[in-house]
Amino acid sequence: MTPLLAVGNLRKDYPGPRRWLGLGRPQHVVHAVASVSFAIAPGETLALVGESGCGKSTVARIILRLIPATGGSVEFDGRDMLALRGRELRALRRRLQIVFQDPYGSLNPRMTVRQTLREPLDIHRIATGGARDERVRSLLAEVGLGSELADAYPHELSGGQRQRVGIARALAVEPALVVCDEPVSALDVSVQAQVLNLLADLRAHRRLTYLFIAHDLAVVRHIADRVAVMYLGRIVEEAPAPTLYAQPRHPYTRALLSAVPVPDPAAQRTRVTLQGDPPSPANAPSGCPFHPRCPHPAKNDRCRTELPVLRELAPAHRAACHFADATL
Amino acid sequence: MTEPLLRVRDLRTYFVSARGPGTARAVDGVSFDLFGGETLGIVGESGCGKSVMSQSILRLVPEPPGHILPGSLVEYAGRNLLTLAPRELRAIRGNRIAMVFQEPLTSLNPVLTVGDQIAESAIVHQRLARPAARARAIEMLQLVGIPDAAARVDQYPHELSGGMRQRVMIAMALVCHPQVLIADEPTTALDVTIQAQILELLDRLQGELAMAVLLITHDLGIVAGQADRVIVMYAGQVVESAATPALFAHPGHPYTAGLLASVPRLDRPRTRLEAIPGQVPAATAWPAGCRFHPRCPYAWDRCRTAEPPLLEVRPGHAARCWLVEEPARREAPPRAAPR
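These protein sequences, in sequence, are chains W and F.
Its first residue numbered 274, the first sequence is counted upward by one per residue in the numbering used here.
Its first residue numbered 1200, the second sequence is counted upward by one per residue in the numbering used here.
Structure representation (C-alpha cells):
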C-alpha cells in the first residue's frame, strides 16, 4: 500500500552558540535530527519514542511545516510537503493536524470552547450559520464533552477536558493524519486512560492515521501499531509493536523498556540501568551515538568509530546496532 | 511494635481566599505513622493534597493563604513540629528531617555553586568551618554518584544536567544524615533512564544511612518498586493504607482499584484501559458523603450521605469505604461507567 506519509533522510541543524557576543561565526552545528526516515500507511499508528532531546518533537514540527527542515523529504499523500506554499499548503494542512502536549498552553485563554472550535471551520470555510453550530455540537459529543461546556473558557476546564477540546479542534477540519505530540503526558493516570481510549475510538470511527510522539513506552503500547525508537536525532530501532516489546534488539530499547516502573511489587526484573546522561546533540559521540552509555557486553572499538546503519533484521524490523543479530 | 519516628494525626491544611470560591480543604484530616528505616509511599493524583501534606510536615506551606488548623499534630521526637518555635523548628528542618523537591532547577539557587549550597547545611547545623564543609560537600557528591566531584563542586546548577541536579538536591538533603527524608516526586521531571538511576541511588542511600523515607509520587510503578507500605490519598484524605504487596494484590478501595486498572503497563497483555470516569472534584467543594462516590461504580445511598471512616480490611490494611462493612455489594455488577 502506498504510504500516507513518507519521511526520507530528514535533517534539522541548528547553529551552535556564537563567539564575540553572539556576532561571530557559530562554533559548531547541532544536529537535532540527524537522518530520519519512516513511512506510515493509511489507518496506521506509528509511535515515535525517545527521551527529551532525541528530536522526536522536531520531526513532528517539520512534518507540519511549523519549522523548516535542513534537508530531506516529507511526502504526504504523494505530494512534497516541503515544497508547498500559499494556498496549496493551506489546503494540505486541512488534512494534517496536531494535538499538543500542554492543552492549557495551546488553547487561547480568551476564547470559549465554541469560539475555539469555530475558528478552523471559518478559516477553511467548512461550515457557516446553523451548520457550523451543529458541527460544533457534534464535535463536542464526539470527544465526550457536554454541550453545556461550549461557553466555558479554558481556565474553567480540567486538564482532561482541555485535552478533549484540543482533540476536537484538530478533528474539526476532518484531517486524515493527526500528529499527537505527547498528548497524555501532562494528565493524571486515570484521565490519561480516558484520553487514550478516546484516541483509540476516534481512530476506529474516523479511520484516522496517527503519528504518536511519546516518551512513555507503556502508554505507546496501548495505541501503536508500529514503534520507532529515537536516540540523539536518529531512529535506532523500528518494529511492529508486538515485536518491539517482545524482542527488542537495540540495547537502548532494552534499557528503556526495563526502566519503566511496573506496578507489581512481586515483579522480579533484571533492570538494565544506563550509566550517565544522554549526550547533548551539540556534542554527539563518534561512532555509535549510544556507545558511551551502552551496556552491551560485546561493545568494542567498532562501536566507538563506526556509525551502525539502520538495517533490516527481519521483515519490518530494523535496528542500528553492530550486534543486533546476536541474542543476549 | 516499635515507636514511630514521625506521627501525623488529623493534619488539616486549608487555603483561605477572601475572594474566589471559598476555603480549599487541601489536606483534610490525614493521619499516619512513619517508622525508622522504612519507605512509606504516598500516592495520589494532582489535587489530592499529597504535596501540601508533605510541605505541612515541615511547615513549608506559605501562611497566608495556607493555614494549618489547630488540633493538627506532627510529632517528631516527642514534640509537635506544628507548634514549635521557629528557632527550634529550624534546628530540625534540613538537619533531622530533610526534603527533596520535584524541580531541581527551580529549587537550586542559580547564583551559588553546588558546593556552597551543599555545604550550607553543614555550616549551619553542624558548625563546620568552611574548608571542612567544602570537603564534606565533595564527599556528598561522591556519595550520590557524581563523577569528578572535586571539579563539579565549583560548578553552578545551570552547568549540570537534570539528573545531576537531582543528585545535587539529594546530596544537599543528606549532608546532615537526616533520620527522615521527604522526597516529593523526586523523579517526575526526569527521563525514564535517569529516573531509574535516581531510584536506585535513593534505595542504596537509604540502606547505607538507615533513613526513613516518605516518598510522594503519582506513579504506582515507583511505589511498587520502592515502598514498604503505601498510603493512597484522594480529595485531601487517606482512602487506603496497607503494606505494598497487600495493596497491589487486594486493593480495598474502588479508587485504588481504579487507579491500578488505568495504568498502561508492560507486564500484562494489551487490553483497553479501564479509565475512572469523571474527574477529581475541586478542593473547595468536596462531595458530601464519600468523596469518591460520584466516580465510584459501586456507590449506593449510604455513600451519598454518610462519610465512611478508615475501616480495617485486615490487620494493617484499612480502606475508607463502606464496602468493607458490606462486602456483598462488591459482587453486585457495577453500573456501567460512562465513557
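Idealized CB from N, CA, C, for every residue including glycine.
Residue span of the beta strand (DSSP E) that contains residue i, given as start and end
i, result
"residue 1447 (chain F)", "Looking at the DSSP string, residue 1447 (chain F) is not in any beta strand (DSSP E); the run it does join, the alpha helix (DSSP H), is 1443-1448."
"residue 400 (chain W)", "From DSSP, residue 400 (chain W) is part of no beta strand (DSSP E); its letter is neither H nor E."
"residue 1489 (chain F)", "Looking at the DSSP string, residue 1489 (chain F) is not in any beta strand (DSSP E), and its letter there is neither H nor E."
"residue 1316 (chain F)", "Residue 1316 (chain F) -> not in any beta strand (DSSP E); alpha helix (DSSP H) instead, spanning 1313-1325."
"residue 1416 (chain F)", "1411-1416"
"residue 520 (chain W)", "Taken as a continuous stretch (DSSP letters only), residue 520 (chain W) belongs to no beta strand (DSSP E), as it is neither H nor E."
"residue 1265 (chain F)", "1265-1267"
"residue 1513 (chain F)", "1510-1513"
Segment limits, alpha helix (DSSP H) that includes residue i
i, result
"residue 332 (chain W)", "329-336"
"residue 1452 (chain F)", "Run containing residue 1452 (chain F): none; DSSP gives neither H nor E here."
"residue 556 (chain W)", "Here residue 556 (chain W) belongs to no alpha helix (DSSP H), and DSSP marks it neither H nor E."
"residue 1502 (chain F)", "1500-1504"
"residue 1402 (chain F)", "1391-1408"
"residue 362 (chain W)", "359-366"
"residue 478 (chain W)", "462-479"
"residue 1524 (chain F)", "Here residue 1524 (chain F) belongs to no alpha helix (DSSP H), and DSSP marks it neither H nor E."
"residue 1286 (chain F)", "1285-1291"
"residue 499 (chain W)", "Per DSSP, residue 499 (chain W) belongs to no alpha helix (DSSP H); it is in the beta strand (DSSP E), 499-504."
"residue 1361 (chain F)", "1361-1373"
Exposure of residue i, with buried meaning 16 or more beta-carbon neighbours within 10 Å
i, result
"residue 1201 (chain F)", "exposed"
"residue 1240 (chain F)", "buried"
"residue 1521 (chain F)", "buried"
"residue 1215 (chain F)", "exposed"
"residue 1316 (chain F)", "buried"
"residue 1538 (chain F)", "The predicted position of residue 1538 (chain F) is uncertain, since its pLDDT is 40 and thus under 50; a value taken from the coordinates is nonetheless stated next. Exposed, because fewer than 16 other Cβ atoms sit within 10 Å of the Cβ of residue 1538 (chain F)."
"residue 597 (chain W)", "buried"
"residue 396 (chain W)", "exposed"
"residue 304 (chain W)", "buried"
"residue 1425 (chain F)", "buried"
"residue 1226 (chain F)", "buried"
"residue 1530 (chain F)", "exposed"
"residue 531 (chain W)", "buried"
"residue 339 (chain W)", "exposed"
"residue 478 (chain W)", "exposed"
"residue 325 (chain W)", "exposed"
CB-CB length for residue i against residue j, believed under 8 angstroms
i, j, result
"residue 1299 (chain F)", "residue 1377 (chain F)", "About 11 angstroms; that fails the 8 angstroms criterion."
"residue 317 (chain W)", "residue 498 (chain W)", "5 angstroms"
"residue 565 (chain W)", "residue 505 (chain W)", "Wrong, their Cβ atoms sit about 11 angstroms apart, outside the cutoff."
"residue 1437 (chain F)", "residue 1230 (chain F)", "7 angstroms"
"residue 545 (chain W)", "residue 527 (chain W)", "6 angstroms"
"residue 394 (chain W)", "residue 405 (chain W)", "5 angstroms"
Residue i - DSSP class collapsed to helix/strand/coil
i, result
"residue 1537 (chain F)", "With a pLDDT of 44 at residue 1537 (chain F), under the threshold of 50, the modelled position of this residue cannot be trusted; read the value that follows with caution. DSSP places residue 1537 (chain F) in coil when its eight states are reduced to three."
"residue 383 (chain W)", "coil"
"residue 426 (chain W)", "coil"
"residue 312 (chain W)", "strand"
"residue 572 (chain W)", "coil"
"residue 1273 (chain F)", "strand"
"residue 281 (chain W)", "strand"
"residue 1440 (chain F)", "strand"
"residue 564 (chain W)", "helix"
"residue 347 (chain W)", "strand"
"residue 1224 (chain F)", "strand"
"residue 590 (chain W)", "strand"
"residue 1230 (chain F)", "strand"
"residue 1215 (chain F)", "coil"
"residue 318 (chain W)", "strand"
"residue 446 (chain W)", "coil"
"residue 515 (chain W)", "helix"
"residue 1345 (chain F)", "coil"
"residue 1378 (chain F)", "coil"
Contact set between the stretch 437-449 of chain W and chain F, restricted to residues whose Cβ is under 8 angstroms from the partner: Residues: none.
Could you run through the stretch 557-568 of chain W and flag, in chain order, every residue whose CB is less than 9 angstroms away from some CB of chain F? Only 566 from the stretch 557-568 of chain W bring a Cβ to less than 9 angstroms from some Cβ of chain F.
Scan the stretch 1470-1489 of chain F for residues whose Cβ lies nearer than 8 angstroms to a Cβ of chain W and list them as they occur along the chain. 1471, 1472, 1473, 1474, 1475, 1476, 1478 and 1479
Which of the residues in the stretch 1439-1450 of chain F, read from start to end, lie with their CB under 7 angstroms from any CB of chain W? Cβ contacts with chain W come from 1443, 1444 and 1447.
Interface residues of the stretch 1222-1246 of chain F facing chain W [CB-CB below 8 angstroms]: 1244 and 1245
Which residues of the stretch 511-534 of chain W have a Cβ closer than 9 angstroms to any Cβ of chain F? Give them in chain order. Cβ contacts with chain F come from 514, 515, 518, 525, 528, 529, 530, 531, 532, 533 and 534.
At a CB distance below 8 angstroms, what residues from the stretch 1383-1397 of chain F approach chain W? Give them in sequence order. Cβ contacts with chain W: 1390, 1391, 1392, 1393, 1394, 1395 and 1396.
Chain F contacts made by the stretch 467-481 of chain W, where a contact means CB separation under 9 angstroms: Residues 467, 468, 469, 470, 471, 473 and 474.
Looking at chain F, which residues of the stretch 392-422 of chain W have a Cβ within less than 7 angstroms of any of its Cβ atoms? 417
Taking a cut of 9 angstroms between CB atoms, which residues from the stretch 1418-1431 of chain F lie near chain W? Among the residues of the stretch 1418-1431 of chain F, those with a Cβ less than 9 angstroms away from any Cβ of chain W are 1418, 1419, 1420, 1421, 1422, 1423, 1424, 1425 and 1426, in the order of the chain.
Chain W contacts from the stretch 1454-1467 of chain F (Cβ-Cβ distance under 7 angstroms): Those would be 1457, 1458, 1459, 1461, 1462, 1463, 1464, 1465 and 1466, in chain order.
Give, in chain order, every residue of the stretch 1293-1316 of chain F whose Cβ lies closer than 7 angstroms to some Cβ of chain W. Correct list: empty, as no residue qualifies.
Of all the residues that make up the stretch 482-498 of chain W, which are near chain F by a beta-carbon distance shorter than 8 angstroms? 488, 489, 490, 491, 492, 494 and 495
Give, in chain order, every residue of the stretch 577-590 of chain W whose Cβ lies closer than 7 angstroms to some Cβ of chain F. none
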